[in-house]
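The block underneath contains the structure these notes are about, expressed in structure tokens.
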Amino acid sequence: IVFTSGGTEADNFALKGVAFALEEKGRHIITSAIEHHAVLSTCQYLEKRGFKVTYLQVDKYGWLDPEKVENAITKKTILISILHANNEVGTIQPIPEIGEIAERRGICFHTDAVQTVGKVPVKVDKLRVDLLSLSAHKFYGPKGIGALYIRSGTHIHPLIHGGHQERVRRAGTENVPGIVGLGRAAEIASREMEEEAKRIENLRNKLEKKIKENIPHIFINGHPSKRSPNTLNVSFEFVEGESLLLNLDLKGIALSTGSACTAGSLEPSHVLQAMGVPPQLAQGSLRFSLGRDNKEEDIDCTVQTLKEIVGRLRKMSPLYQQERAGRRSSSK
């Protein structure tokens, strides 16, 4: 384990560290089109330095077929990086199957597990990964501390040079309070994980069911079953996600239109676009993230408030009025 400042640094360390350690062997990296920007931006950085990156496409649920990974491997492939669960739609990838392919072909395998560690069981041996990124604040630890698991024997170059801390893999004074907080949070999360994951999943399922029952013209994004328990992504036709977000915020309901790392961007989600969601529909999407503070009454309040806001915004939408007029004329 090498402690980092969070998931972003851990991802950067994994990709750059392995790429520079193994570049004499090859300069080809495989990843997916729906990775977190910490991985995508790092891959773009490496491309500018002569590495070739293959961005694999996913299906309409955001799921990556392991066969696509195997077919993309070349003699120059040195690293595969696929996130465990997507941070926007929650789809869980077949990491053990991809790990088996990487192991059989002798290729280093990294997964960004920031969205799953502390929420679902994560065992590096069962996932068959060489490197795994995590971040403490995702399981209620302190912000500014994360870690990169590195399997023994993995070749990796340090990102930060200086002292001999972290076995010369990350120089600089260690964030001891953060490390202690991460450890304590992990201990609590592992103790309560099974029960809490089921409770959160039940709340998520109730939220999804009530939205479907109360609001027409909506689409659920993400895999119907292979999904992290706390995440729900919904596209609302005939409204903009940003307008929904602002109106919900005024009512004290905090959501997002994408990942925290793209907050403020008005561009459609790269994840939803990669899944084939039309840009206009992607612009009307919201991500619901549930946690330990959420209760049953939060679901009822959120759905009722959302129903009122969506209805009000749609009344101002010319496209929605055309849709209603079309339905009325076709029913005559």
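For the sequence shown, counting from 1, position 39 maps to 39 in full-length UniProt numbering; every step adds exactly one.
All C-beta atoms in this analysis are idealised placements derived from N, C-alpha and C, irrespective of residue type, glycine included.
As the structure is a prediction and not an experimental result, all values here were calculated from the model.
- The stretch 162-182 makes no contact with the stretch 198-206, as fewer than three CB pairs between them are under 8 Å.
- Rounded to the nearest angstrom, the Cβ distance from Leu46 to Leu15 is 7 Å, consistent with a contact under 8 Å.
- Put simply, the stretch 136-156 does not touch the stretch 225-242. Fewer than three CB pairs are less than 8 Å apart.
- Positions of the alpha helix (DSSP H) runs, each at least 4 residues long and wholly inside the stretch 35-87, are given as 37-48 and 66-72 in order along the chain.
- The distance from the Cβ of Lys52 to that of Met275 is about 24 Å, inconsistent with a contact at the 8 Å cut-off.
- Here the C-alpha atom of Thr42 lies approximately 11 Å from the C-alpha atom of Gly17.
- Between Val303 and Lys212, the C-beta gap is not smaller than 8 Å, which leaves the two residues out of contact.
- In chain order, Ser235, Pro268, Ser269, Leu272 and Gln273 place their CB closer than 8 Å to the CB of Ala282, counting only its own chain and leaving out the 5 sequence neighbours on each side.
- CA-CA distance, Lys123 to Thr116, rounds to 11 Å.
- As DSSP reads the structure, Thr91 sits in a beta bridge with Arg227.
- For Ala102, the CB contacts under 6 Å within the same chain, skipping 5 residues up- and downstream, are Ile80 and Phe109 in chain order.
- Pairing Met193 with Pro121 gives a Cβ-Cβ distance under 8 Å.
- Between Met316 and the set Phe238, Pro279 and Ile299, the nearest pair of CA atoms involves Phe238.
- Taking the Cβ atoms as the reference, Ile95 lies roughly 7 Å from Val129, within the contact range of under 8 Å.
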